[in-house]
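Contents: one structure, followed by commentary.
Chains as they are written, first to last, in our numbering: chain W, 1 to 371; chain D, 1 to 309.
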């Protein structure tokens, strides 16, 4: 309207900067963007440490040393990485299908609770069978909660973000009742600590590499990554999952039952997240309590996103951030910086990576236009 | 139990409902404007948490609650600026942006909080007092429930008709609603889509930050990690349940607030059930509400879809 009304003389060519989508993504440009995102994220994190009055160099070197400075530190880092890889993979499976589930948090709890139910039900089985039954119950626990969100989305058109957030809160309240006054509460003490009694040794996940913190859960994480990779990249279901993300309408025309695919996606995602709960309770904490599970699911979203929604990238991201949360304890001791710097860093890096992901898909071009 | 005692409990539950509704209402009414402009902001929880933490920090550092309220609004605006930059300028997926914001703020506030209280007892502050409206508060029953509240509570409820007027009776509101339905129409008219979406996100985030500030200053005397406890999410549910209309949003917020108020009175009422059941009610109610609603006709057509010219 304005250009017509304006009394314009002959149009003059003007050079303008425009942002256009790239037809082919250049790997080098993509890499440069993510490198820039990492550096910018680290810079912001350093700024955060600096503004709160701590020694930046001291804090970061303690963090790095605590994470990967010795063999013992590396093993501790891998143990911390275990649940994060699993919840990260759960994110990958759901988000690749553009099902924005953030139910990983609740599914971790459901997995732990399912496994604890199995522990109570199957006590007395031979050891190998006992542990297998517990793990299976945990997987089922997570998968059921995942399926519930999928059914709500498919049958009742309930937005999965909101339903999963609500279920995250509900499951935490359920656990809080079960272990804080309900039937699973530790009975021997007079004070209620919000935890169950210790889990019998027969039910512990066996340690890997002799003794130490690393347990069978880490093997589960690696196997799950492989399974997710094969399912996503090499099977018809994986094709449907990816297609659901790109073009659900075309997929429906092809004759695929979209509701069924979403339910399968959420069962798989929930199962993997449930495994994280099993591994944390039966491999590390050896009793069911809520604070050991807290935030594993939400951190998994960051791990999966930073891992580029790819199973192998997620394993790498999980190990890096597992290392950081393990090293955070050293940092707290040596540099007096709170360990909660790590979740703040995770949040910062997630946002810079999101921006990099978009920047990698576009290019800046100079165009000549009229007026 | 005497009749007088029962009436006192009822008044207490209903007055509690009005107070508990306040922070969620601020966020929901602010978010209504944001969403009508087509931005599916999932970062409400994080924005609210940032407002709450900032309010705590300023209230304990300066001792002034009104400075704390102002700071909470500014903090909300800053978070909103990040959200707007990512969704409008960078065109990152709206859902993912919101999730990222929530995680970022959860991490940041926890870090700052630990830094702030390092090596000392956690400082506390004196929150808001009730401001009884002369005359009206003397009305038996109703006066005690409605007109003996915090000042910001009156403001939150006044914001509902104000935003209704803004959306439906002003040119600005018409353009804003158009953003959610057909942004191209505005663009073709030569009106900036980006500028209006930035404004809508900022308005919503300032209101949400204010809600977070009230949550801090109106209910408590100290900060806790995850103090918002899903109230930001309830605001989003209220929006959907309220069909993106001011009146409906208000009704949905009041339902959630009533459930929470009842939960806090369980002990007084002498009901012998685990208190977790009542804590869980608002979340359970949201899922059931959303199940009953299915797709809504009033949802803005272009909600959550980045605009490309």
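For every residue, glycine included, the Cβ atom is placed at its ideal position computed from N, Cα and C.
Where residue i falls, given that 16 or more other Cβ within 10 Å makes a residue buried
i: residue 43 of chain W; result: exposed
i: residue 299 of chain W; result: buried
i: residue 4 of chain W; result: With a pLDDT of only 45 at residue 4 of chain W, under 50, the local geometry of the prediction cannot be trusted, and the value read off the model is given with reservation. The residue is exposed, with fewer than 16 neighbouring Cβ atoms inside 10 Å.
i: residue 124 of chain D; result: exposed
i: residue 5 of chain D; result: exposed
i: residue 267 of chain D; result: exposed
i: residue 373 of chain W; result: Chain W is shown from 1 up to 371; residue 373 of chain W falls before or after that span and cannot be answered.
i: residue 173 of chain W; result: buried
i: residue 3 of chain D; result: exposed
i: residue 367 of chain W; result: exposed
i: residue 23 of chain W; result: exposed
i: residue 271 of chain D; result: exposed
i: residue 364 of chain W; result: exposed
i: residue 15 of chain W; result: exposed
Reduced DSSP category for residue i - H, G, I as helix; E, B as strand; rest coil
i: residue 344 of chain W; result: helix
i: residue 129 of chain D; result: coil
i: residue 85 of chain W; result: helix
i: residue 353 of chain W; result: helix
i: residue 22 of chain D; result: helix
i: residue 275 of chain D; result: helix
i: residue 228 of chain D; result: coil
i: residue 11 of chain D; result: helix
i: residue 367 of chain W; result: strand
i: residue 301 of chain D; result: coil
i: residue 196 of chain D; result: helix
i: residue 15 of chain W; result: strand
i: residue 309 of chain D; result: coil
i: residue 289 of chain W; result: strand
i: residue 54 of chain W; result: coil
i: residue 330 of chain W; result: helix
i: residue 186 of chain W; result: coil
i: residue 148 of chain D; result: strand
i: residue 149 of chain W; result: helix
i: residue 154 of chain D; result: helix
i: residue 111 of chain D; result: helix
Cross-chain neighbours of residue i in chain W, by beta carbon under 8 Å
i: residue 216 of chain D; result: Neighbours of residue 216 of chain D on chain W: none; closest Cβ ~19 Å, over 8 Å.
i: residue 286 of chain D; result: 162 and 166
i: residue 95 of chain D; result: 100 and 161
i: residue 111 of chain D; result: 48, 52, 338, 340, 341, 343 and 344
i: residue 172 of chain D; result: Correct list: empty, because the minimum Cβ distance to chain W is about 19 Å.
Contacts of residue i in chain W (Cβ-Cβ under 7 Å)
i: residue 201 of chain D; result: By Cβ distance, chain W contributes nothing, its closest Cβ being about 15 Å from residue 201 of chain D, past 7 Å.
i: residue 91 of chain D; result: 358
Reference residue i, options the options, closest by Cα
i: residue 222 of chain D; options: D:9, D:56 and D:35; result: D:56
i: residue 349 of chain W; options: W:361, W:239 and W:46; result: W:46
i: residue 197 of chain W; options: W:102, W:227, W:187 and W:341; result: W:187
i: residue 98 of chain W; options: W:296, W:327, W:244 and W:288; result: W:244
i: residue 301 of chain W; options: D:89, D:69, D:28 and D:102; result: D:102
i: residue 29 of chain D; options: D:82, D:142 and D:159; result: D:159
i: residue 246 of chain D; options: D:293, D:289 and D:167; result: D:167
i: residue 358 of chain W; options: D:93, D:135, D:156 and D:196; result: D:93
i: residue 115 of chain D; options: W:53, W:291 and W:160; result: W:53
i: residue 236 of chain W; options: W:256, W:334, W:85 and W:86; result: W:256
i: residue 217 of chain W; options: W:96, W:129, W:21 and W:82; result: W:82
i: residue 215 of chain D; options: D:286, D:107, D:73 and D:11; result: D:73
i: residue 242 of chain D; options: D:253, D:233 and D:80; result: D:253
i: residue 163 of chain D; options: D:234, D:255, D:230 and D:207; result: D:207
i: residue 335 of chain W; options: W:28, W:61, W:70 and W:31; result: W:61
i: residue 106 of chain W; options: W:139, W:228, W:179 and W:297; result: W:297
i: residue 95 of chain W; options: W:31, W:48, W:318 and W:305; result: W:305
i: residue 116 of chain W; options: W:103, W:139, W:251 and W:100; result: W:139
i: residue 209 of chain D; options: D:49, D:38, D:11 and D:17; result: D:49
i: residue 26 of chain D; options: D:152, D:184 and D:258; result: D:152
Contact list for residue i against chain W, beta-carbon separation under 9 Å
i: residue 350 of chain D; result: Because chain D spans 1 through 309 in this model, residue 350 of chain D falls outside it and cannot be assessed.
i: residue 230 of chain D; result: 165, 166, 168 and 169
i: residue 86 of chain D; result: 351, 354, 355 and 358
Partners in chain D for residue i, counting only beta-carbon separations shorter than 7 Å
i: residue 184 of chain W; result: By Cβ distance, chain D contributes nothing, its closest Cβ being about 13 Å from residue 184 of chain W, past 7 Å.
i: residue 173 of chain W; result: 276, 279 and 280
8 Å Cβ cut-off: residues of chain D touching residue i
i: residue 158 of chain W; result: 287, 290 and 291
Contact test: residue i Cβ vs the ligand ATP heavy atom, cutoff 6 Å
i: residue 95 of chain D; result: The ligand content of the structure shown is nil, which means the ligand ATP is not present either.
Chain-ordered chain D contacts of residue i [CB-CB under 9 Å]
i: residue 152 of chain W; result: 287, 290 and 291
Exercise. Of the residues that make up the segment 251 to 283 of chain D, which ones have a beta carbon closer than 7 Å to any beta carbon in chain A?
Worked result: Within the model displayed, chain A is absent; protein chains W and D are what it includes.
For this session: For the segment 209 to 278 of chain W, list the alpha helix (DSSP H) runs that are entirely contained and at least 4 residues long, ordered along the chain.
Result: As for any alpha helix (DSSP H) of minimum length 4 sitting wholly inside the segment 209 to 278 of chain W, the runs are 216 to 234, 236 to 246 and 248 to 253, ordered along the chain.
Exercise. Where in the segment 33 to 64 of chain D do unbroken runs of the alpha helix (DSSP H), each at least 4 residues long, occur, reported from the N-terminal end onward?
Worked result: For the segment 33 to 64 of chain D, whole alpha helix (DSSP H) runs of length 4 or above, ordered along the chain, are 44 to 62.
Problem set entry | Minimum length 4: unbroken alpha helix (DSSP H) runs contained in the segment 294 to 325 of chain W | Restricting attention to alpha helix (DSSP H) runs no shorter than 4 residues, the segment 294 to 325 of chain W encloses them at 296 to 306, ordered along the chain.
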